[in-house]
Each structure stands twice: as C-alpha cells, then as structure tokens.
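**Student:** Next up is a structure, given as structure tokens.
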Amino acid sequence: MRATQLYAPTLREVPAEAEIASHQLMLRSGMIHKIAAGLYTYMPLSWRVMKKIEEIIREEMDEIGGQEMMMPILHPAEIWLASGRWNVYGAEMWRIQDRNGRNFCLGPTHEEMITWLIKNDIRSYKQLPLRPYQIQNKYRDERRPRFGLMRSREFIMKDMYSFDRDEEGLDISYRLAYDAYSRIFSRCGLNFRPVEADSGAIGGKGSHEFMALAESGEAEILYCDTCDYAASTEIAAVPAEILEKEEMKEIEEILTPDCPTIEAVAEFVGLPASKTVKSMVYDADGEMVLVMIRGDRRINEIKLQNALGCLELVFATEEAMEAKGLPKGYIGPVGVKGIRIVIDEEVAQMSNQLVGANKHNYHMLNVNLGRDYNADIIYDIRMVEEGEVCPRCGGKLQKARGIEVGQVFKLRTKYSASMNANFVDEEGIEHPFVMGCYGIGVGRTMAAVIEQSHDEHGIIWPMAIAPYQVIVVPVNDKDEELIKLSEEMYTELKKAKIETVLDDRKERPGVKFNDADLIGYPIRITLGKKVQTEGLAEIKFRATGEVVALPVAEVVPYVINAVNEALVK
Ligand code: ATP
Ligand code: MG
C-alpha cells in the first residue's frame, strides 16, 4: 500500500466526547468514522485489524470443533415470544415491523435463532455435540453508547453455541471454549483475566467474563493476592462469617435530630456504623421493596436484582415512600406492612440493630430480626470491597478495572426447555439439549488492545494484528536514489508477503515519522542521509524504540525474519 493512496483521513482535532485513549487514537489515525451515536464505519486500517482478530478467533473456534455459519440479523418476533424474552429484553432491543405490520427485531444475540434451528434439524443424541458459531453484526440500543467501538449500538460479535446431551458434555464444551478464549486473547496480545461473572439477561448459572485489564475499563473485578480467585464485583462472594449472637435487649426509640445519614446517627448514638442497619426503598418492576444492609456496607444492585428476580430496579421516589409512611433518612423495618423486606445475610446475623423508626428524627435501638420484624428474603446482596477476605482461601482481595472482551455462559436447558428443543437418547426418550453460549466482541477487543498498548505518540500494535507490519520511509522525496531504493525494498517485502506501506507522500520527515508512530506500524525502515554516506538504513521497532542500523542489502532479510519471529511468539 502506498501512503498516497491509503484511505485513512487523520484528524488533528479530536472531539471532546472521545474520553479514552483508544477512542481518540482510532479517530486521530483515521481508523474509524462516526456517523451517529454508537455507529461507526471501520475504515481500511481498522478493518484489516478486525479481519486479523476474526481470523485468530476462527482458527481457535475451528480447533475446538466449531463450525462457522451465518444466521439472519433480522429475527421474527415469534422466536423471541417462544422463549419468553420478547417482553423481557427491554429498551436495548431494536424492534421493527415489516410492511404488513409483523414484528421483528435486529438480533442483539442469537440464542433463540439457533435453538429454533437446532430444534428443527437435530433429533438424535448421535448428532451431538454440536458447536455452531458465526461472526456478525449485533444490534443493541445501548442506554449510553460511548468510548467508540467499546460500547456501540452496532458491533461485531463472534457468538458460538454448544449443544450437548448432558451436563458432562456441557462441561467439556465450556472448558474447550474457555481455553480457546484464553488462547485468542493471548494471541491478540492482551493482558487479561477470566473472572467469575453474573449471567445477566442471558440466564443460566455458571459464567466467566474475560477482562482485559485497563484503568479505563467500565467493569470492576476483585482478585485474590494469594490464590487464583477472581470475580466481577457484580457477583464477588462474601466470605462466610459467623457472628456471635448477643443477648436481645429491650427495644428503645431514640430522638436523633438532624441525623439523616447513617454516619450521623452512628456518631450521635456513639455506636460504630457496623452496628447500624441502613434501610433503602427500591422500586422493583413496579413493586416497592424495603432493602436492609449493614450501615457501613454498599448494596450490590446486581445481586439484589437476582434476589428479587426483577428486570428493572430503581430507587423509589421520596413521594412514593412518604405515601407508605417511610420518611427518607429515618426508615426501618418495624411495623412495615404490605411491603416485602429483603435483608442481607449479614444483617440476618446482627443482634440489637440500630434502625430508622419510620418517624422523622427518630431511630430505634436494639431491634432484632424474628422478634421485631421478619424478612421475606435473606440473600447475599452486598458489595464486596477491596481488602476483604478471599472467600476461597482467606487471602486479601485486590481491586482492578477491566474491559469485558468476552463472556462464556452455561445456559443448560433455559432455552431448550422453554422452546421445546429436544433430542432422543438410545432408549428413544426425549431430553432438552444442554446448551452453552460464548461471545467475543471483535471491535471491543481491538479497542482494548489499543487501550493497553499505546504511548503519547500513538498506537503500538502487536505484530499479530497490526494493520500493516512494516512502513518504509524515504526521508527526502527529491533524492532519486533514495526513492528508487525505497521502491525496491517495498516490492521485495511485498513479494515476501510482508504487509508493507511505502510512505511516498511529499511530506517532511517529521510528519511521516509522527504518522507512522500514530498508526503504530510495528517496524519502520528509514532511508535517510546515512544511505549515501555509510550505506546504512535504519530499522526502528515501535514497541521498544530500539533502532538497528544495517547495510542496505541486509535490511529486507532482517525485517522478514523479525516479522516472522514476532508472529510465531
Ligand atoms: P456489557 O456488560 O459490557 O454491556 P454484555 O455482557 O451485555 O456486555 P454479552 O452479551 O456478554 O455482552 O456480549 C458478548 C461480548 O460482546 C461482550 O463480552 C463484549 O465484548 C461485546 N459487546 C457487548 N455489548 C457491546 C457493545 N455495545 N459494543 C461493543 N461490544 C459489545
Ligand atoms: Mg457479557
């Protein structure tokens, strides 16, 4: 490719909405172009990277018995009605109608489509296991599309689904996918960590997210400093701890003027916050619920949502609370009627709790579960914090931020049972397929690589997914000798199947060097003054900054070798 012909409109001014490095660098280097919120064109440079990542994914999926196929992006509503998700998926789903008023959606994921297909085609245990996959556009009307390709509304996903006859089969498929994912992200040059995860709207128990570690990541993970426990903060478990029961004391109502926060009450009463219990009121799919957690803890809304089995969870409005006799800042469980009470497991163990009295400026001391109020649900609903004890080994938990680049789920029979997708065993008995599903965001993976691998000058591509491997830069566009030499090197490298750009623009050397660093070619060959004076050309490695000066005739074989060596790694 000649730089004069490369379609990569570089930007000098990056729009303010590009908050993170990968988004800025992709815009600056002309790799992507935004057409509307969360909708991007992959320009030629990024498309080359995408295709390389896809190829790595294909190789690893095929290696574990995956079979690539392509399903429609447009889904008839019927299949989503059959699984029960048409009315559950919510605002993220793009819904459309055909000319006859029939409902369709743009696929956000394909569990329904693939289960429908398999239900019609596969009848016998003899045809299992089956692991179909595709690499395709997905559509989600995200609440907050942002960070460029990280969270867009149209994005490319590899989705694989596994169909097995039983749980043991699923375990094998899951393990194969998990290991393949580890190889894929390693080959892309990512520093990542698989973590235990919540299964969200997709459902099923048992899931891991693959997190690329990065400060700019939207996800938080906790990992143990001693063993290999790592989990998304969304599900990180609480270490089992048995609290000693105290003797129940007489309940007391106390005046706590101007103490609307738990810290203020604790200080006023002279108790540690760990002796107090916070009560919060939520609206869960339209139902008001009272939620209780130890005063110095935070509620984990994902766990709470799982405890309630609800889809939408928001704080109740102050008016709605007042209408039920629950004054903000002074809420408690005693005497509450007609509202379900959810308490954290830890609260269930606490004796003589300090809670709100459901009366302005008043709290209650020595309140006890069982004697003074009852709970409808007792569940682990709290956020685990950095520094707490590892639930597996007793080590200390550390916190890190990450970008979720992939996720694997054990779906089991969630879809096959609801959609009646069965096979028959040796005895002719019908069973639902035991399923798994496995997704990778291709664009998000590319963005995550940049997020981890860049400097103040631009992107630093790992050789395996660089848009081009080498750029040849003649520094003086008037020197015919240099131009001729650079053309020869360019031709020879191309002949050796090295992906090369020749910077044939009539630009100053500084501009050429800056653009080469910005786009992030792993190797730059510079043909400058030294060619004439000493017969030497310079080879610069983008990642290390290392410069090697070599006699002109040795440059091409050296670079071919360097590229191939980096690819093998
Ligand atoms: P998130 O929690 O970040 O919204 P998700 O858990 O909903 O993602 P999955 O349904 O697990 O996503 O999709 C599989 C993969 O697709 C994700 O791991 C991620 O890499 C990618 N992905 C999901 N949503 C987006 C998006 N809006 N833009 C780009 N990639 C996405
Ligand atoms: Mg996910």
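Reminder that position 27 of the sequence shown reads as 35 in our numbering, one-by-one numbering, no gaps.
Cβ coordinates follow ideal geometry from the N, Cα and C atoms, glycine included.
Remember, predicted model here, so these are calculated numbers, not experimental data.
1) Is DSSP giving I180 helix, strand or coil here?
2) At a cut-off of 7 Å, is E150 close to ligand 1 when judged by its beta-carbon and the heavy atoms of the ligand?
3) Any contact between the stretch 153 to 162 and the stretch 462 to 471? By contact I mean 3 or more CB pairs, one from each, below 8 Å.
4) Rounded to whole angstroms, what's the CA-CA distance from W124 to E515? Just pull it up for me.
5) Is the beta carbon of A586 sitting closer than 8 Å to the one on Q415?
6) Relative to ligand 1, is the shortest distance from any of its heavy atoms to the C-beta of G451 smaller than 7 Å?
7) Quick check: the Cα distance between T234 and F163, rounded to an integer number of angstroms?
8) Confirm, please, whether the CB-CB distance from A524 to L544 is below 8 Å.
9) May I ask you to check if the CB of E217 is nearer than 7 Å to at least one heavy atom of ligand 2?
10) Tell me the DSSP secondary structure of S37 in three-state form.
11) Based on the DSSP output, what are the partners of D233 in its beta bridges?
12) Taking 8 Å as the threshold (C-beta atoms), are A222 and Q460 in contact?
13) Could you check the C-alpha separation between A408 and N308 for me, to the nearest Å?
14) Using the rule of at least 16 other Cβ atoms within 10 Å of the residue's Cβ for burial, across every protein chain shown, is N366 buried or exposed?
15) Would you decide whether S37 is buried or exposed? Buried here means 16 or more other CB atoms lie within 10 Å of its CB.
16) Sorry if obvious, but does the Cβ on Q105 come closer than 7 Å to a heavy atom of ligand 2?
17) For Q313, verify whether its CB is less than 7 Å away from any heavy atom of ligand 2.
18) Alpha carbon to alpha carbon, how far is E260 from G410? Give it in angstroms, no decimals.
19) Start and end of the alpha helix (DSSP H) containing Y2?
20) Is there at least one non-hydrogen atom of ligand 2 closer than 7 Å to the beta-carbon of E412?
21) Any heavy atom of ligand 1 inside 7 Å of the beta-carbon of I448?
22) When you compare only the Cα positions, how much space is there between E330 and S215?
23) Who does C445 pair with in a DSSP beta bridge?
24) What beta strand (DSSP E) runs, 3 residues minimum, are completely inside the stretch 15 to 79?
25) With a cut-off of 8 Å, do at least 3 Cβ pairs link the stretch 286 to 300 to the stretch 251 to 260?
26) Count the other CB atoms, across all protein chains shown, that sit within 10 Å of the CB of G364; report buried if there are 16 or more and exposed otherwise.
27) Would you say the stretch 121 to 140 touches the stretch 96 to 108, given that touching needs at least three Cβ pairs under 8 Å?
28) Check I104 in the structure and name its three-state DSSP category.
**Tutor:** Judging by the given coordinates:
1) If DSSP states are grouped into helix, strand and coil, I180 belongs with the helices.
2) Yes, the beta carbon of E150 sits closer than 7 Å to at least one heavy atom of ligand 1.
3) At 8 Å Cβ cutoff, the stretches do not touch.
4) If you take the alpha carbons of W124 and E515, they lie about 58 Å apart.
5) A question about residue 586 goes unanswered here, because the residues of the chain that appear run from 9 up to 577.
6) The nearest non-hydrogen atom of ligand 1 is less than 7 Å from the C-beta of G451.
7) Their Cα atoms are separated by approximately 37 Å.
8) In this structure, A524 does not lie closer than 8 Å to L544 by Cβ.
9) In terms of side-chain proximity, the C-beta atom of E217 is found nearer than 7 Å to a non-hydrogen atom of ligand 2.
10) Of the three classes helix, strand and coil, the one that applies to S37 here is coil, per DSSP.
11) None; D233 has no bridge partner.
12) Contact: yes.
13) Each residue's Cα considered, the two are about 17 Å apart.
14) It is buried - the Cβ of N366 has at least 16 other Cβ atoms within 10 Å.
15) Around the beta carbon of S37, 16 or more other beta carbons lie within 10 angstroms, which makes this residue buried.
16) Checking every heavy atom of ligand 2 against the Cβ of Q105, none is found closer than 7 Å.
17) No - ligand 2 has no heavy atom lying nearer than 7 Å to the Cβ of Q313.
18) About 47 Å.
19) Absent from the structure is residue 2, since the part of the chain shown begins at 9 and ends at 577.
20) Yes, the beta carbon of E412 sits closer than 7 Å to at least one heavy atom of ligand 2.
21) Result yes, Cβ under 7 Å from ligand 1.
22) Taken atom to atom, the span from the alpha-carbon of E330 to that of S215 is near 40 Å.
23) In the DSSP assignment, C445 is bridged to Y169, F417.
24) The qualifying runs are 40 to 44, 47 to 50.
25) With a cut-off of 8 Å on Cβ pairs, the stretch 286 to 300 is not in contact with the stretch 251 to 260, counting fewer than three such pairs.
26) So G364 ends up on the buried side.
27) Counting Cβ pairs under 8 Å, fewer than three are found: no touch.
28) Strand at I104.
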